[in-house]
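Taking it in order: structure first as structure tokens, then the write-up.
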Amino acid sequence: MSDYHVILESGWVIRDVDTLDDAIGIAISEAGKRLNPKAKFVEIEIGQAICPFCEEELNNALIVANIALVGLTLEMKVFKAESEAHAERIAKSIVGDALRDIPLKVLEVELIK
Numbered sequence: 001m002s003d004y005h006v007i008l009e010s011g012w013v014i015r016d017v018d019t020l021d022d023a024i025g026i027a028i029s030e031a032g033k034r035l036n037p038k039a040k041f042v043e044i045e046i047g048q049a050i051c052p053f054c055e056e057e058l059n060n061a062l063i064v065a066n067i068a069l070v071g072l073t074l075e076m077k078v079f080k081a082e083s084e085a086h087a088e089r090i091a092k093s094i095v096g097d098a099l100r101d102i103p104l105k106v107l108e109v110e111l112i113k
């Protein structure tokens, strides 16, 4: 049995928002409310995308017609998992249970030494 660091990505739709900063703040706040107290050990951050032209990191947030799509990364440690696939399933189960109806994608699973 091993311990793993799992990073998940989720997409949040925020309605009636004027600025990217507001959208990011609201998305992080909503995710935190849903994860607390059941999964308060999950770290929430704004996702990063890489520009295909200049290769700089950009925030994963976009506003069109006062509706924002914000990409968040959710990081957690999974202890005593049998394999990487088992760690993925545990993380998706814990986070997915708290964030119902929010799509999740596994970005990275890393063995903790």
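Counting in the UniProt record's numbering, the sequence shown runs from 1 upward without gaps.
Even for Gly, the Cβ is constructed at its ideal location relative to N, Cα and C.
- Would you mind working out which of Asp97, Phe53, Gln48 sits nearest Asn59, comparing C-alpha positions? Indexing the sequence shown from 1 puts residue 59 at position 59. The candidate whose alpha carbon is nearest that of Asn59 is Gln48.
- Query: Pick from Lys92, Ala68, Thr73: whose alpha carbon is nearest that of Ile46?
  - Reply: Position 46 of the sequence shown, counting from 1, holds the residue named residue 46. Here the closest residue by C-alpha is Thr73.
- Which first and last residues belong to the alpha helix (DSSP H) in which Gly25 is found? Here the question's residue 25 lines up with position 25 in the sequence shown. Segment 20 to 35, the alpha helix (DSSP H) holding Gly25.
- Item | Val17 in three-state terms, based on DSSP | Taking the sequence shown and counting its residues from 1, one reaches residue 17 at position 17. Here Val17 sits in coil by DSSP.
- Take the Cβ of Gly71 as the centre, count every other Cβ of all protein chains shown within 10 Å, and call the residue buried at 16 or more, exposed below. Position 71 of the sequence shown, counted from the start, is the residue given in the question as residue 71. Gly71 is buried by the Cβ-count criterion.
- Report the partner residues of Val78 according to the DSSP bridge assignment. What you label residue 78 is simply residue 78 of the sequence shown in a count that begins at 1. In DSSP, Val78 forms a bridge with Tyr4.
- Beta-carbon proximity list for Ala81, same chain, < 8 Å, skipping 5 on both sides: Numbered from 1 along the sequence shown, position 81 holds the residue referred to as residue 81. The residues are Met1, Ser2, Asp3, Tyr4, Ala87, Ile90.
- Message: Give me, in chain order, the residues of the same chain whose beta-carbon lies closer than 7 Å to that of Glu108; leave out the 5 immediate sequence neighbours on both sides.
- Response: Within the sequence shown, the letter at position 108 stands for residue 108. Contacts found: Ile7.
- Test item: CB-CB of Val17 and Ala61 under 7 Å: Within the sequence shown, the letter at position 17 stands for residue 17. Within the sequence shown, the letter at position 61 stands for residue 61. Not closer than 7 Å, so no.
- Query: What first and last residue would you give for the beta strand (DSSP E) that runs through Ala49?
  - Reply: The residue labelled residue 49 in the question sits at position 49 within the sequence shown. Counting along the chain, the beta strand (DSSP E) containing Ala49 begins and ends at 48 to 50.
- Item | Cα-Cα separation, Lys38 to Glu110 | Taking the sequence shown and counting its residues from 1, the one referred to as residue 38 is at position 38. Taking the sequence shown and counting its residues from 1, the one referred to as residue 110 is at position 110. Straight-line Cα distance between these residues: approximately 23 Å.
- Task: Report the three-state DSSP secondary structure of Ala65 (helix, strand or coil).
- Result: Residue mapping note: residue 65 aligns to position 65 of the sequence shown, counting from 1. Coil, per DSSP.
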